[in-house]
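Please read the structure below before turning to the comments.
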Ligand code: UDP
Ligand code: MN
């Protein structure tokens, strides 16, 4: 693998928040995320990995908000791998039964997250583009590789799995090469793409508090877990708050209003308590 560096390491220190945008549909998410990070007062760099599929003019708002743009390719995976992880193949072989993915979600693109291991930083906190950060999470830079929060959005059983929307990692070319070797072997199928892969690659993953990656379904499935005083990150897994076709708009209205305020960079709305009528 003789890829050119994705980014020269000039600005800032050794730590960076990194997100990924492979198509214009995820741009509103990245704008809200970058705005939210800035509001926490962090001095760490913010890097947006993008795969060249987005018009440079459309990316400008991210640069205006201080984000560093790093263009990268999708991973050099085989045709067989790409077919196995196409949207149609993935939805057929491992259907989503708990929520809906937006029409614009391309599963294969998720693997491009692994490019962060090629970045010229010592410590990285990766954040999906469908996330808002409510208060500082700079302490996550001190967590070891690989740290992630549990994939909790329905029941206690969820605690055994990680969610790859937020994680702490240490970039390294050697790790990146080892990942590529492990990822694309004959017959490989990673059911939940990068998430399943990362769980297998780092079987001894460290747990982060659930409040470092609070999944939006907790709002209605586990309202007793919702705590505005503790929540640091809200992750809009499955349906996206900016998608006009989001079928859960009503159920998630207060969270969507909050996301919108971060996106528009205006005063935040009042935070109601979730409904706990059980
Ligand atoms: N992503 C992207 N384009 C895609 C699919 C995913 O840029 O077509 C990136 C984006 O950062 C997104 C992340 O990969 O937030 C993971 O996908 P998503 O958040 O939609 O998955 P979920 O959290 O719903 O499992
Ligand atoms: Mn996500």
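Numbering (my numbering), first residue to last: -14 to 263.
Built from N, CA and C at the ideal position, the CB exists for glycine as well.
- Rounded to the nearest whole angstrom, the CA to CA distance from residue 111 to residue 79 is 25 Å.
- Residues with their Cβ less than 7 Å from any non-hydrogen atom of the ligand MN, running along the chain, are 113, 115, 116, 150, 220, 221, 222.
- Here the region 0 to 12 makes contact with the region 32 to 40; the two share three or more CB pairs at distances below 8 Å.
- Remark: the C-beta of residue 16 is outside contact range of the ligand UDP, defined as less than 7 Å to any heavy atom.
- In the displayed model, residue 257 falls within coil according to three-state DSSP, outside both helix and strand.
- For residue -3, the closest of 183, 27, 19, 21 by C-alpha to C-alpha distance is 27.
- Distances taken from the Cβ of residue 183 to the heavy atoms of the ligand UDP include none shorter than 7 Å.
- With contacts defined as CB atoms closer than 8 Å, residue 154 and residue 193 fail to qualify as a contacting pair.
- One thing to note: residue 205 has its Cβ no nearer than 8 Å to the Cβ of residue 115.
- Considering only 72, 25, 12, 62, the residue with the shortest C-alpha distance to residue 45 is 12.
- Note on the region 88 to 146: whole alpha helix (DSSP H) runs with a minimum of 4 residues are 92 to 95, in chain order.
- Only residues of its own chain outside the window of five on either side were considered, and among them 65 have a CB closer than 8 Å to the CB of residue 171, listed in chain order.
- Restricted to the region 41 to 73, the beta strand (DSSP E) segments that are unbroken, complete and at least 3 residues in length are 53 to 56, listed in chain order.
- Annotation: residue 113 to residue 258 spans about 25 Å, alpha carbon to alpha carbon.
- Closest in alpha carbon position to residue 16, among 213, 56, 247, is 247.
- Under the 10 Å beta carbon count, residue 71 is surrounded by fewer than 16 other beta carbons and is classified as exposed.
- Taking each of 39, 230, 52 in turn and checking the Cα distance to residue 58, the smallest one comes out for 39.
- Going by DSSP, residue 243 is part of the alpha helix (DSSP H) stretching over 238 to 249.
- The ligand UDP never approaches residue 138 closely enough for any of its heavy atoms to be under 7 Å from the residue's Cβ.
- Taking all protein chains shown into account, residue 82 has fewer than 16 neighbouring C-beta atoms within 10 Å of its C-beta and is therefore exposed.
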